[in-house]
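Chemist: For the sequence shown, numbering that gives the first Met the number 0 begins at 0 and goes up steadily by one.
No residue lacks a Cβ here, since even glycine has one placed at the ideal position from N, Cα and C.
Since we're looking at a predicted model, the values are computed, not measured.
Please see the structure below; I have some questions.
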Amino acid sequence: MNDAAPPTGLSTGMAKSLMVEIARKLEHLARTGEPGAIDLRSLPMTARDREELDELLGRGDVEATLHVAGESEIRETRYAGVWWVRHGGSGGHTAAELIEITPVPDILAAHPDDIADAAASIAAETALRTEEETAHA
0 MNDAAPPTGL STGMAKSLMV EIARKLEHLA RTGEPGAIDL RSLPMTARDR EELDELLGRG
60 DVEATLHVAG ESEIRETRYA GVWWVRHGGS GGHTAAELIE ITPVPDILAA HPDDIADAAA
120 SIAAETALRT EEETAHA
C-alpha cells in the first residue's frame with residue numbers, strides 16, 4: 000500500500016470533488032442552518048489541487064487576519080457562506096486549514112465574556128468622562 004501523496008505539480012481532481020462536497024454542505028446550511036467544515040490538511044491534496052480549489056472558489060469581499068496564538072487568515076470565497084480558514088502555528092507553518100461552510104466563522108465572533116467586559120469598560124469610561132465634564136462646568 001502506497002500512502003505517499005501525489006507529486007505536487009499534478010492535479011488529482013480533488014478540487015472538483017471538493018466543490019461537489021462544498022455544494023452539498025452549502026445546500027445543507029441553507030436548508031437547516033447547520034454549518035459544516037472540510038479539513039483540507041486531512042486530504043492528500045497536491046499544491047496544484049490547492050491552486051485549482053482556490054481558483055474555483057475565488058475570493059469574496061471579506062478578509063481578516065487574527066494575531067492570537069499564531070496568525071490566522073480568514074477569507075470569504077465568492078460563494079456566500081463558504082470561507083477559507085488557515086491557522087498558522089509556530090515557525091510560520093500551517094497548523095490547520097479548513098473550508099468552513101457557515102454564515103460567519105466562529106473565530107470571528109466576539110466571545111460573550113469579552114462583550115460583557117467591553118460593556119463594563121465603556122460604561123466605566125463614559126461615567127468617568129461625565130464626572131470630569133461635570134467637575135469642569
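Comparing alpha-carbon positions, which option in L17, G32, A46, R58 lies nearest G8?
Modeler: Locating residue 8 in the sequence shown gives position 9, where the first residue counts as 1. Cα-wise, what sits closest to G8 is A46.
Chemist: For the stretch 40-112, which segments carrying the alpha helix (DSSP H) assignment without a break, of at least 4 residues, lie completely within its bounds, in sequence order?
Modeler: The stretch 40-112 contains these whole alpha helix (DSSP H) runs: 46-56.
Chemist: Suppose the cutoff is 8 Å on Cβ atoms and the five residues either side in sequence are ignored; what does the same chain contact list for A94 look like?
Modeler: Counted from its first residue, the sequence shown places residue 94 at position 95. Correct list, in chain order: G69, H86, G87, G88.
Chemist: Answer with buried or exposed for I98, where buried requires no fewer than 16 other C-beta atoms within 10 angstroms of its C-beta.
Modeler: Position 99 of the sequence shown, counted from the first residue, corresponds to residue 98. Looking at its Cβ environment, which holds 16 or more other Cβ atoms inside 10 Å, I98 is buried.
Chemist: Cβ atoms of T101 and P140: under 7 Å apart, would you say?
Modeler: Past the edges of the chain, shown from 0 to 136, lies residue 140, and the structure says nothing about it.
Chemist: Excluding the five sequence neighbours on either side, which residues of its own chain have a C-beta within less than 7 Å of the C-beta of D48, listed in chain order?
Modeler: Numbered from 1 along the sequence shown, position 49 holds the residue referred to as residue 48. Within the same chain, D48 has close Cβ partners S10, T11, M13, A14.
Chemist: Excluding five sequence neighbours on each side, which residues of the same chain lie with their C-beta closer than 7 Å to the C-beta of N1?
Modeler: By one-based count along the sequence shown, residue 1 stands at place 2. The pLDDT assigned to N1 is 46, lower than 50, so where the model puts this residue is not dependable, and the model offers no usable value.
Chemist: Would you kindly work out how many angstroms separate the C-alpha atoms of A118 and A79, rounded to a whole number?
Modeler: For the purposes of this step, residue 118 is taken as residue 119 along the sequence shown, with counting starting at 1. For the purposes of this step, residue 79 is taken as residue 80 along the sequence shown, with counting starting at 1. Computed Cα separation, rounded: 31 Å.
Chemist: From R128 to A36, what distance separates their C-alpha atoms?
Modeler: On the sequence shown, residue 128 is found 129 positions in, with the first residue counted as 1. On the sequence shown, residue 36 is found 37 positions in, with the first residue counted as 1. Cα-Cα distance, rounded: 46 Å.
Chemist: Any chance the CB of L28 is under 6 Å from a heavy atom of the ligand FMN?
Modeler: Ligands in the displayed structure: none, and consequently the ligand FMN is not present.
Chemist: How about R30 and E96: do their beta carbons lie closer than 7 Å?
Modeler: The residue labelled residue 30 in the question sits at position 31 within the sequence shown. The residue labelled residue 96 in the question sits at position 97 within the sequence shown. No, these two residues do not count as a Cβ contact at 7 Å.
Chemist: Tell me which residues share the same chain as K24 and place their Cβ nearer than 7 Å to its Cβ, disregarding the 5 neighbours each side in the sequence.
Modeler: One-based indexing of the sequence shown puts residue 24 at position 25. Correct list, in chain order: G35, I100.
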